[in-house]
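To start, the structure itself, in structure tokens.
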Amino acid sequence: MRGPKSRNPRSTSGQQRINNRDGRKLTGSQFLIALSAVVLLCYFAVTTYIVVNDAKYNKNLLDDATIYEDAFKKIHPGNKDGDVQKVMSNDSGRAGNDKDEGIGKDEGDVQKKEVIHVNTSNAEADPEANTAKDAVDVDSKKQQSEETVNVSIPETKEEDTRNYQLKAFIEPINQDDWKIKPLPARKGTASSLTEQTFERIACSTLPEQWPTSEETAPTNKDPFLPWIHDVFPSADGQYIQFVAQNKRRCQSGTRKADIKKFMQPNIALFQHVPVTRVVSIANRKAEDEDRKDAETSTGTGTDTRYRISSHEEADPDGIETRFICRFKPSMEETLSMHNMNYDYHTVRKAYKATFTEEGLDNHMIWTSQLLFKCPVPKALQEQVRLGSTVMNDFATQFVDLVPIRTPPRYGSPTTYLPPRLYSDGNTWDPKKEWGDNHLLPKIVDSGRWENI
């Protein structure tokens with residue numbers, strides 16, 4: 027019998043290499059090399075994708091400058107070159123000026139008007155034309171190539187608006203009242219408010235000048251006043267958009283419990299409150315006669331009072347609101363709306379609560395920024411859309427922001443959602459929490475932002 031064959035180590039190693047080539051099996055080092063190559067390829071692919079999309083984004087930013095120009099093209103189909111010039115006509119002596127062609131004025135008429143010329147050709151008015159008649163003649167020759175839009179400027183002059191300084195009225199807060207059911211109506215008066223006045227703010231530098239620092243922000247004294255960082259009109263002129271931040275999030279950890287308790291009103295602003303209009307000065311002529319003169323002189327009198335109500339009782343524009351918006355100098359009032367429902371957003375995120383009483387909710391990033399807007403009264407929308415209410419970079423129209431002061435709702439985000447989102451499962455009882463007749467104070471007696 028033959029004994030077992032002795033194995034040759036060299037032949038075995040050679041055979042293994044042959045198997046690797048034939049069976050395409052990789053050693054550990056070869057696998058790592060291949061994996062590194064794949065990772066590098068993915069890295070370069072992602073980098074290229076980011077660079078390309080970033081370039082597209084930058085191009086879109088450059089294209090944004092033509093948004094308003096394109097809007098004018100849609101309104102004025104005859105416009106080809108998008109050349110929009112704004113010419114202010116301040117007195118009747120300029121009726122014959124070639125920049126105000128077609129705008130006839132009677133002698134002595136000093137009403138301000140803004141004339142927007144949309145030029146569709148390089149044709150210029152006759153420089154010799156210096157009478158109203160010549161201007162009309164030139165206009166008749168150019169009616170196929172030029173469209174003129176007249177927009178009335180508010181009667182308020184720029185020098186008059188210097189009296190509309192940005193202010194904050196600080197209202198004392200007693201959180202012990204929150205423990206009382208139903209929530210008692212506030213009884214404060216204008217004399218209990220602390221006024222804080224700020225410097226005049228230009229439109230182009232508003233985000234830089236706005237009082238957001240720890241030293242100047244009134245939110246540190248009255249957390250019901252939103253910590254505003256920016257405010258601007260929508261492109262269609264229908265809304266004034268506010269961008270605020272959740273200042274309670276600036277404090278974290280168990281050692282900040284007292285500060286987070288004091289800042290609770292700031293998170294209440296993220297949750298809607300339904301209200302209804304109930305009282306008109308026209309129907310109560312004898313009420314508060316002793317304060318009538320004071321209200322008239324400060325421009326803070328109002329024809330409307332508001333009551334916190336249920337969804338079913340609320341006015342259509344008051345079902346989901348949080349602020350009373352009062353426009354000046356017209357003194358018209360609208361009710362704010364959130365850009366989104368933050369409680370419903372929490373439901374969709376499958377979280378158990380939008381906020382916690384302890385303030386341990388900083389990981390919920392969607393409650394970092396407070397977005398809400400004030401509807402612009404219809405009479406002002408066109409002027410706001412065109413920007414004609416801004417003169418020399420300063421506003422001639424203003425808005426007061428009056429928060430509706432109720433404590434935050436803790437617990438499940440489905441506790442009190444509006445009917446359009448969750449009509450059957452609400453467990454929050456507005457009559458138990460707020461009562462049947464929770465009348466809000468007059469604006470003059472309420473803490474507020476004024477002359478924004």
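Numbering-wise (the numbering used here), the sequence shown opens with residue 27 and increments by one.
Yeah, the Cβ is synthetic: ideal placement off N, Cα and C, and Gly gets one too.
Nothing here was measured: the structure is a model prediction, and the numbers come from that model.
Proximity winner among the options, relative to residue i (alpha-carbon distances)
i	options	result
L397	G451, H389, A421, M366	M366
V402	T220, T415, P445, R281	T415
Q407	A228, S260, R333, E234	S260
P433	E383, D262, K399	E383
A405	A211, F70, Y265, K286	Y265
D369	T238, S438, L219, C68	S438
V299	W475, D419, F288, R431	R431
S335	A211, A243, L232	A211
A294	L465, H364, H255	H364
Y442	D341, Y377, Q297	Q297
E225	F349, R188, G451	R188
F288	T280, N246, S55, R281	N246
W204	L465, P444, C400, P291	P291
A376	T440, K207, T242, T330	T440
D471	T74, L219, G54	L219
F268	E338, W253, A243	W253
C400	V373, T422, D455, L361	L361
Y373	V72, G451, Q409	The amino acid occupying residue 373 in the given sequence is Val; Tyr does not appear at that position. The option with the nearest alpha carbon to V373 is G451.
S278	T73, T53, D387, G413	D387
R275	T231, M417, N463, I391	I391
S498	S239, G413, D462, E221	An answer regarding residue 498 cannot be provided, because it is not within the stretch 27 to 478 covered by the chain.
Collapsed DSSP secondary structure at residue i in the structure displayed
i	result
I469	helix
H255	strand
T330	strand
R352	strand
L397	strand
F424	strand
R303	strand
W454	coil
N189	helix
A228	coil
V373	helix
A379	coil
L67	helix
T360	strand
Y442	coil
P233	helix
V77	helix
Q267	strand
Cβ-based burial, residue i [other Cβ within 10 Å; buried from 16]
i	result
K213	exposed
S217	exposed
I59	exposed
F70	exposed
H389	exposed
N200	exposed
K273	buried
V65	exposed
L61	exposed
L67	exposed
T422	buried
P456	buried
A149	In this predicted model, A149 has a pLDDT of only 38, less than 50, meaning its place in the structure is not dependable enough to derive any value.
Q56	exposed
G385	buried
A63	exposed
P198	exposed
R281	exposed
A283	exposed
P244	buried
Cβ separation of residue i and residue j, assumed to be a contact under 8 angstroms, to the nearest whole Å
i	j	result
S356	Q271	Going by Cβ atoms, the distance from S356 to Q271 rounds to 30 angstroms, so no, they are not a contact pair.
E476	K193	4 angstroms
F381	Y436	6 angstroms
I478	V257	6 angstroms
T347	V301	6 angstroms
I285	D248	The Cβ separation is near 14 angstroms, so there is no contact.
L209	R333	At roughly 12 angstroms, the Cβ-Cβ gap does not stay under 8 angstroms, so L209 and R333 are not in contact.
F424	K354	4 angstroms
Contact check, residue i vs residue j, beta carbons under 8 angstroms
i	j	result
P467	L251	no
D419	A228	yes
D262	R474	no
P237	H255	no
E359	I350	yes
I206	R352	no
C191	T242	It is worth fixing the name first, because residue 191 is Gln in this sequence and not Cys. No, the Cβ-Cβ distance between Q191 and T242 is not below 8 angstroms.
N445	H371	First, the amino acid is wrong: residue 445 is Pro here, not Asn. Cβ distance not < 8 angstroms, so P445 and H371 don't count as in contact.
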